[in-house]
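Protein chains in written order, with the working numbering: chain S, 1 to 105; chain P, 1 to 166.
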């Protein structure tokens, strides 16, 4: 017999893993640095949040759960900042963004 | 009067830091509590100015509105992830990337930062550069680009939190 909370935990972790896999797939398939930043930045944020949320539900209301919640919040602040730093570096180096019908970089 | 406010700010900073220490250590014995209190006191003494800045009116309401905004943002982030995942896994990759620039009427530094981070977190857009009120944004599709320049949903929401222009 599986407890409903465990089921929810599993569901969230599997969903998170789906996003975590979609990120690298995008990294390989997308044509240039800007679009790749979209894939890695967003899919990872969502994936991490879902997996950690699954851990929180599994953990119940403890110190560790609050720590995990803080972790999610920090990732939400840091992930866009890091993405922005990478993309801005590319922009400052004048890397030409890919347009529809252009060559892969 | 000035001194009273300073002490008040120091007290708040100390309480927040100490609560954070207890949260992270998880031990409630004398040694850890005293060590935490000493560390919090040192940090408070050195940097009470940066956590609680000078109080403007309506700070609490601002915080309340901001937490509602965070809830909305969370749903937007889920949508962003699904959107990118869909486009990446689609056999034809329906993307049409472009770089757009737009001006924002927001004046507050924190409001501008929140807007820039929100743009990066919401579907299909990444903030490349912010120069004064001018944002340079990379959009994955023309739809998301139009959202930013015409509808300005995020900007309006951020403006409502900080009671700034439009």
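Where a beta carbon is used, it is the ideal one built from N, C-alpha and C, also for glycine.
Which term fits residue i, buried or exposed, when burial requires 16 or more other beta carbons within 10 angstroms of its beta carbon?
i: residue 8 of chain P; result: exposed
i: residue 98 of chain S; result: buried
i: residue 37 of chain S; result: buried
i: residue 97 of chain P; result: buried
i: residue 34 of chain S; result: buried
i: residue 44 of chain P; result: buried
i: residue 106 of chain P; result: buried
i: residue 166 of chain P; result: Any reading at residue 166 of chain P must be qualified, since the residue scores a pLDDT of 47, below 50, and its modelled position is unreliable; no value is offered.
i: residue 73 of chain P; result: buried
i: residue 100 of chain S; result: exposed
Mapping the DSSP letters down to three states, classify residue i as helix, strand or coil.
i: residue 3 of chain S; result: coil
i: residue 166 of chain P; result: Here residue 166 of chain P scores only 47 on pLDDT, less than 50, and its place in the model is too uncertain to base an answer on.
i: residue 25 of chain S; result: helix
i: residue 27 of chain P; result: coil
i: residue 107 of chain P; result: coil
i: residue 38 of chain S; result: helix
i: residue 84 of chain P; result: helix
i: residue 109 of chain S; result: Not covered by the structure: residue 109 of chain S. The range shown for chain S is 1 to 105.
i: residue 137 of chain P; result: strand
i: residue 32 of chain S; result: coil
i: residue 125 of chain P; result: strand
i: residue 99 of chain P; result: strand
i: residue 167 of chain P; result: For chain P, the structure presents residues 1 to 166; residue 167 of chain P sits outside this window and is missing.
i: residue 91 of chain P; result: coil
Rounded to whole angstroms, what is the Cα-Cα separation between residue i and residue j?
i: residue 46 of chain P; j: residue 41 of chain S; result: 35 Å
i: residue 18 of chain S; j: residue 47 of chain S; result: 7 Å
i: residue 111 of chain P; j: residue 147 of chain P; result: 19 Å
i: residue 19 of chain P; j: residue 162 of chain P; result: 27 Å
i: residue 13 of chain S; j: residue 20 of chain S; result: 10 Å
i: residue 96 of chain S; j: residue 124 of chain P; result: 18 Å
i: residue 34 of chain P; j: residue 64 of chain S; result: 22 Å
i: residue 55 of chain S; j: residue 4 of chain S; result: 14 Å
i: residue 157 of chain P; j: residue 29 of chain P; result: 45 Å
i: residue 135 of chain P; j: residue 24 of chain P; result: 37 Å
i: residue 93 of chain S; j: residue 127 of chain P; result: 16 Å
i: residue 102 of chain P; j: residue 149 of chain P; result: 7 Å
i: residue 2 of chain S; j: residue 9 of chain S; result: 11 Å
i: residue 23 of chain S; j: residue 3 of chain P; result: 52 Å
i: residue 83 of chain P; j: residue 66 of chain P; result: 25 Å
i: residue 7 of chain S; j: residue 70 of chain S; result: 24 Å
List the residues of chain S that residue i touches, going by C-beta distances under 7 Å, in chain order.
i: residue 85 of chain P; result: 19, 22 and 43
i: residue 89 of chain P; result: 22 and 25
i: residue 96 of chain P; result: 100
i: residue 128 of chain P; result: 87, 88 and 91
i: residue 111 of chain P; result: Those within 7 Å of residue 111 of chain P in chain S number zero; the least Cβ separation is about 16 Å.
Output, in chain order, the set of chain P residues within a Cβ distance shorter than 7 Å of residue i.
i: residue 39 of chain S; result: 84 and 88
i: residue 83 of chain S; result: 120 and 126
Chain P partners of residue i, CB-CB under 8 Å?
i: residue 110 of chain S; result: Because chain S spans 1 through 105 in this model, residue 110 of chain S falls outside it and cannot be assessed.
Mind pulling the chain S residues with CB within less than 9 Å of residue i?
i: residue 99 of chain P; result: 34, 91 and 97
i: residue 77 of chain P; result: 42, 45, 46, 49 and 76
Contact list for the stretch 25-45 of chain P against chain C, Cβ threshold 8 Å:
Note that chain C does not occur in the displayed structure, where the protein chains are S and P.
Short-range partners of chain S found in the stretch 135-149 of chain P, where Cβ spacing is below 8 Å:
Residues 136, 138 and 140.
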